[in-house]
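K.L.:
In the order they appear, the protein sequences are chains H and F.
Numbering of the first sequence is given in the numbering used here, commencing with residue 1384 and proceeding in unit increments.
Numbering of the second sequence is given in the numbering used here, commencing with residue 1384 and proceeding in unit increments.
Cβ coordinates follow ideal geometry from the N, Cα and C atoms, glycine included.
Have a look at the structure that comes next, please.
Protein chains: 2
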Amino acid sequence: MLAGRMMDFPLTLTHFLERARTFFGRNEIVSRLPDKTLVRTTYADFYRRTSKLAGALARLGVRPGDRVATLSWNHQRHLEVYLGAPAMGAVVHTLNLRLHPNELGYIANHAEDKVVVVDRSLLPLWHKFADQVRSVRHVVVVPDCPAQGEATSAEIDYEELIAPEKDEYPWPTLDERSAAMICYTSGTTGNPKGVVYSHRSTVLHTLVVCNADTIGVREADTVLPVVPMFHAAAWGLPYAAVMAGSKLVFPGPHLDPPSLLDLIAAEKVTIAAGVPTIWLGILQLLDQHPGKWDLSAIRSTVIGGSAAPPALIDGFKSRHGIDVTHAWGMTETNPVGTLARVKHGLSQTDDATKLGCKASQGYAVPFVEQRHVGEDGQILPWDGETMGELEVRGPWVASSYFGGEGPDRFTEDGWFKTGDVVTIDREGYLRITDRSKDVIKSGGEWISSVALENALMSHPAVLEAAVFAARHPKWTERPLAAIVLKEGKTATKEELNAHIEAKFAKFWLPDDYVFMAQIPRTSTGKFLKTKLRELYGDHLEKQGSSA
Amino acid sequence: MLAGRMMDFPLTLTHFLERARTFFGRNEIVSRLPDKTLVRTTYADFYRRTSKLAGALARLGVRPGDRVATLSWNHQRHLEVYLGAPAMGAVVHTLNLRLHPNELGYIANHAEDKVVVVDRSLLPLWHKFADQVRSVRHVVVVPDCPAQGEATSAEIDYEELIAPEKDEYPWPTLDERSAAMICYTSGTTGNPKGVVYSHRSTVLHTLVVCNADTIGVREADTVLPVVPMFHAAAWGLPYAAVMAGSKLVFPGPHLDPPSLLDLIAAEKVTIAAGVPTIWLGILQLLDQHPGKWDLSAIRSTVIGGSAAPPALIDGFKSRHGIDVTHAWGMTETNPVGTLARVKHGLSQTDDATKLGCKASQGYAVPFVEQRHVGEDGQILPWDGETMGELEVRGPWVASSYFGGEGPDRFTEDGWFKTGDVVTIDREGYLRITDRSKDVIKSGGEWISSVALENALMSHPAVLEAAVFAARHPKWTERPLAAIVLKEGKTATKEELNAHIEAKFAKFWLPDDYVFMAQIPRTSTGKFLKTKLRELYGDHLEKQGSSA
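What follows is the structure, given as structure tokens:
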């Protein structure tokens, strides 16, 4: 080979910081506190404060590679840790405040966090697991609300910590493959696993997020990351905004629909991103009060984290003129992997086809590659029908977990097994039909629990439906549906099957329904199907023996 | 440090090819031949043909790192070499068909080209320097026009060459730092020097070109690279279009304004890019025939290669509603380095300020860093006035020339000395005032030859003006102006000085004017100021002795 003769300029987050200071010093960062007041600063101020934070962390003894954890809502000081810790050589570790304290304790210990930055409003949560965390040397408290009683001697006020430091920090030259951030997955089975983003992976992800055909973050944008910064780096939006120099608006803890709509209208947000639950609530409120909020500045909303119903995407567009972009990703993919844009060649097709594209999980963004494989590892055809586990690869896809756990998620030929069961159509649009552990394998055929759930939840009496695999003597597994009925409503197995039978092959219909008051859930609100299988896995076998 | 745990996925051009095939197979590539017929194919076809080309090159004995030269206009087969040669491990070397045959011979020899791909319409040029090139083993002829007589036995027809090959090529896994392309600078002094782009530098450049705030190439775009593919990879647009999946329109050899306007209107071009000369001609024609061409599809035109006059940028916008984006770059910067966007915070200022931003060379795109330095190497203030040599660094900036020539262009602390003299204002907008070798150093003060030329060329009698340094016994150097008058017009030293004196400090005014029929030029059409200094360098000394 002949070597290129271009500069060995490392792809590190330090460049984002310097760029924001150099060109976008006047642009604003707005943070909403727990008491709903807004704090406004600029990138110039953010740079100074981030430099001071880096100086303070060094003073506390933070060394290259050390983990600096955050237990914080989305706000400017969280952003200062996001940039300052990695740029000085440390690693930011975002703790998910929605997890159970025991899980948080496990994760903080596993990551060996040295410093924890905690919102004062979240100190009660921190105190629930602080004792479990042996590695922590310093606790830095973000004064996001008035102090409740005396701070313990081990807890340092964030502002007091950074006050004595200089406005400039001698940022070191870093290896682009060094760690910048650790995020833990919230697995429904087994312990949470750590994903270690490098500077390189985050930079490349940011460049692609800013591509016009991805999210296309621009300097003129006002970006509202509703998605928490403790979820896969808020989908990379904070980094994208800092690189582009966009105005940033952080919502703090108030994520209810009216609070978000007030903020979007007041700050003229142009790009907002969040999970379907958030957008469902917002759509409902907009439908109830059309015209109440001026949302004319919005040019793009991004929805991801779990599959968004087509009615949500269509509702925003048809009733409120708001374009929703559906994206797919995971903690393990930094996180944006695919994005649902209607291809130019399909833009003249009928509305249903276009909605079908927009409601899919889309196709891979540049430098991500996608395939789906069958149970024997064979690569499956892109026919829009064949279901298989999605595998991806690319420079911002994990190659292993922190500590080497879960090696079975990485194939020998270099792909990551996502655990999502999908179909891929001829155009490359992928559609998630299940999690691989939830797909129902009936006599060699795969049945999508998600498709059945969506159909059942369209029945007027059904509040919630979770479809899961029950053991079956002949077919190995058969679908069973757990149903929560709306208050005062009734439905029978026959009625429910009649409601959905037109949509599915006969063998897809659930063998039986179990009615309950509440479906067991994980700490992040997902159906806990392992629990359902534990409780009802032998339901059909028992029926068989009693029949 | 703690290492990130993300995949070691190389940044290579192979991904662009695979991506175009996988997701954008139906999208079109249109090439205009020398006889003005249009040839239409698709990315699916392009992928097959590029694979076949790779197979054919391997069959010819092309090995990793070997140079495959092109002597071609912009067309699809040139694009096939652009992707196919690097993806199979070779290096594409674009020969600039506007150079003198002796220069071409020097360059092809220096790069040790093994294979040359030549347009049949350019065979006469090739035959002028073919004998000088000792390294070439195979000549592949692109049948862009009917054959003139018999082909020599050493010349292989492109289509016959690739016909027997397979539709798939086993693309090797490449090191992202391996060479992908060599481009030679056309220096006005000394021999041309080779810049060796790596896969990594080209990929990163492409990702940034596709950023919404840079050029923002999208799948829905129709991209017309007017800038030749033998000029710094046509500013990276062919790669950007392939990655994004955009429709590509190649103009072939017809670059006159009516031909370009016909093509832009017929193919509904959305992004076009070229040098100021091209756009000046187009603007003139549009002004003469307003409404003749439907240019409503255009959303962005990019202008670069040399400084564009503000009147050009303003004329397109104010008279034809077309947005022109001014960019700066060099062969050594892959090439996009800076881009002139009006910052959001300045978008509410007066029109003159905004035009001042748009007519500047802009500020650095992400991952390029800029500074300007004085003669003693001191870093200069960003005050909009102090002139100094622009230095840049970044992952797509050259770290050395092929063969190690010109080491003085690279600073010890890792910056590339561009040779452009600039001012940088507080916002970071840079404005080129000169080439460093042309700036006039008068008694310790710098005088911009470009600023004087622009002012002189606004005089109604002046067709062309070239200002250069003449030796001076007291001030070391003083400005002297070479003037070509318009036919039938006259002007005196006094009249010309009177025309410009309001704009400049008195010591900037040329000490004398020399009137001539023609200003000596380089092969690429730039003023050859070395020749002017050779002829008139002692003009003031002689005046002094005769006075």
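Report the residues of the stretch 1776-1806 of chain H with a CB closer than 8 Å to any CB of chain F, ordered along the chain.
P.N.:
So the close ones are Arg1776, Gly1777, Pro1778, Trp1779, Val1780, Ala1781, Ser1782, Ser1783, Tyr1784, Phe1785, Gly1797, Phe1799.
K.L.:
Of all the residues that make up the stretch 1713-1726 of chain F, which are near chain H by a beta-carbon distance shorter than 7 Å?
P.N.:
From the stretch 1713-1726 of chain F, only Lys1726 have a Cβ closer than 7 Å to chain H.
K.L.:
Identify whether H/Leu1638 lies in helix, strand or coil by the three-state DSSP scheme.
P.N.:
Coil at H/Leu1638, not helix or strand.
K.L.:
For the candidate residues H/Ala1627, H/Ala1617, H/Lys1576, whose alpha-carbon lies nearest to that of H/Ala1595?
P.N.:
When each option's Cα is compared against that of H/Ala1595, the closest is H/Ala1627.
K.L.:
Tell me where the beta strand (DSSP E) around H/Phe1898 begins and ends.
P.N.:
Start and end: 1895-1898.
K.L.:
Evaluate the contact criterion for the stretch 1687-1704 of chain F versus the stretch 1758-1771 of chain F: three or more CB pairs, one atom per stretch, below 8 Å.
P.N.:
Counting Cβ pairs under 8 Å, fewer than three are found: no touch.
K.L.:
Do F/Arg1904 and F/Leu1911 have their CB atoms nearer than 8 Å?
P.N.:
Yes, the pair counts as a contact, with Cβ atoms nearer than the cut-off.
K.L.:
Mind pulling the chain H residues with CB within less than 9 Å of F/Thr1708?
P.N.:
Ordered by position in chain H, no residue passes the 9 Å Cβ test against F/Thr1708, which lies about 13 Å from the chain.
K.L.:
Leaving out five residues before and five after F/Lys1872 in sequence, what residues of the same chain have Cβ atoms less than 6 Å from its Cβ?
P.N.:
Only Ala1844 meet the Cβ criterion.
K.L.:
Grab the span of the beta strand (DSSP E) containing H/Arg1814 for me, first residue to last.
P.N.:
Unbroken beta strand (DSSP E) run through H/Arg1814: 1813-1818.
K.L.:
So within the stretch 1432-1488 of chain H, which uninterrupted beta strand (DSSP E) runs reach at least 3 residues, ignoring any that extend past its ends?
P.N.:
List check, beta strand (DSSP E) in window: 1450-1454, 1474-1477.
K.L.:
Please identify the residue among H/Phe1851, H/Met1612, H/Val1652 whose C-alpha is closest to the C-alpha of H/Gly1920.
P.N.:
Out of H/Phe1851, H/Met1612, H/Val1652, H/Phe1851 has the C-alpha closest to the C-alpha of H/Gly1920.
K.L.:
Who are the near neighbours of F/Val1591 in its chain, counting only those whose CB is closer than 6 Å to its CB and skipping five residues on each side?
P.N.:
Thr1597, Val1748, Pro1749, listed in sequence order.
K.L.:
Whole angstroms is fine: what's the gap from F/Lys1857's alpha carbon to F/Gly1826's?
P.N.:
One C-alpha to the other measures close to 8 Å.
K.L.:
Taking CB distances under 8 Å as the criterion, tell me whether H/Arg1431 reaches chain F.
P.N.:
Judged by the 8 Å Cβ criterion, H/Arg1431 is not in contact with chain F.
K.L.:
Which residues in the same chain have their Cβ closer than 8 Å to the Cβ of H/Val1867, if we skip the five residues on either side of it in sequence?
P.N.:
Excluding residues within five positions, the ones whose Cβ falls inside 8 Å are Val1845, Leu1846, Glu1847, Ala1848, Phe1898, Met1899, Ala1900, Gln1901, Ile1902.
K.L.:
Can you tell me which of the three DSSP states F/Thr1397 falls into?
P.N.:
The answer is helix: DSSP assigns F/Thr1397 an H, G or I state.
K.L.:
Report the neighbours of H/Asn1492 on chain B: residues whose CB is nearer than 7 Å to its CB, in chain order.
P.N.:
Of the protein chains in this structure, namely H and F, none is chain B.
K.L.:
Does chain H have any CB closer than 8 Å to the CB of F/Pro1749?
P.N.:
It does; some Cβ of chain H falls within 8 Å.
K.L.:
Looking at H/Met1384 and F/Pro1447, is the spacing between their C-beta atoms short of 8 Å?
P.N.:
Contact flag set, yes.
K.L.:
Which chain F residues sit within Cβ distance under 8 Å of H/Val1474?
P.N.:
Result: Leu1385.
K.L.:
Residues of chain H with CB under 7 Å from F/Cys1566, in chain order?
P.N.:
Those within 7 Å of F/Cys1566 in chain H number zero; the least Cβ separation is about 11 Å.
K.L.:
State the DSSP-derived secondary structure class of F/Gln1744, mapped to helix, strand or coil.
P.N.:
F/Gln1744: coil per DSSP, three-state reduction.
K.L.:
Reducing DSSP to helix, strand and coil, say where F/Ile1696 ends up.
P.N.:
Helix at F/Ile1696.
K.L.:
How should F/His1588 be labelled, buried or exposed, when 16 other C-beta atoms within 10 angstroms of its C-beta is the threshold for buried?
P.N.:
Under this definition F/His1588 is a buried residue.
K.L.:
Taking just the CA atoms, how far does H/Gly1657 sit from H/Val1685?
P.N.:
Each residue's alpha carbon lies about 7 Å from the other.
K.L.:
H/Arg1818 and H/Asp1803: beta carbons closer than 8 Å?
P.N.:
For H/Arg1818 and H/Asp1803, yes; Cβs fall inside 8 Å.
K.L.:
In the DSSP assignment, the beta strand (DSSP E) including H/Trp1829 goes from what residue to what residue?
P.N.:
Element bounds for H/Trp1829: 1828-1830.
K.L.:
Looking at F/Thr1433: is its Cβ nearer than 8 Å to the Cβ of F/Leu1466?
P.N.:
A contact, by the Cβ cut-off of 8 Å.
K.L.:
Locate the beta strand (DSSP E) running through F/Arg1854, then write down its first and last residues.
P.N.:
Run containing F/Arg1854: 1845-1855, per the beta strand (DSSP E) assignment.
K.L.:
What number of angstroms, rounded off, separates the C-alpha of F/Gly1599 from the C-alpha of H/Arg1601?
P.N.:
Cα to Cα, the separation comes out at about 10 Å.
K.L.:
Relative to the C-alpha of F/Ala1615, which candidate in F/Ala1781, F/Glu1870, F/Lys1726 has its C-alpha closest?
P.N.:
Comparing Cα positions, the closest option is F/Ala1781.
K.L.:
With DSSP collapsed to three states, give me the class of H/Cys1614.
P.N.:
Reading the sequence as shown, one finds His at residue 1614 of chain H and not Cys. Correct three-state label for H/His1614: coil.
K.L.:
Please classify F/Asn1717: is it buried, with 16 or more other beta-carbons within 10 angstroms of its beta-carbon, or exposed?
P.N.:
That one is buried.
K.L.:
According to DSSP, simplified to helix, strand and coil, what is H/Glu1650?
P.N.:
Looking at H/Glu1650 - three-state DSSP - the assignment turns out to be helix.
K.L.:
Please give the ranges of any beta strand (DSSP E) in the stretch 1757-1797 of chain F, keeping only runs that are unbroken, at least 3 residues long and fully inside the region.
P.N.:
Listed in chain order, the complete beta strand (DSSP E) runs (minimum 3 residues) inside the stretch 1757-1797 of chain F are 1771-1776.
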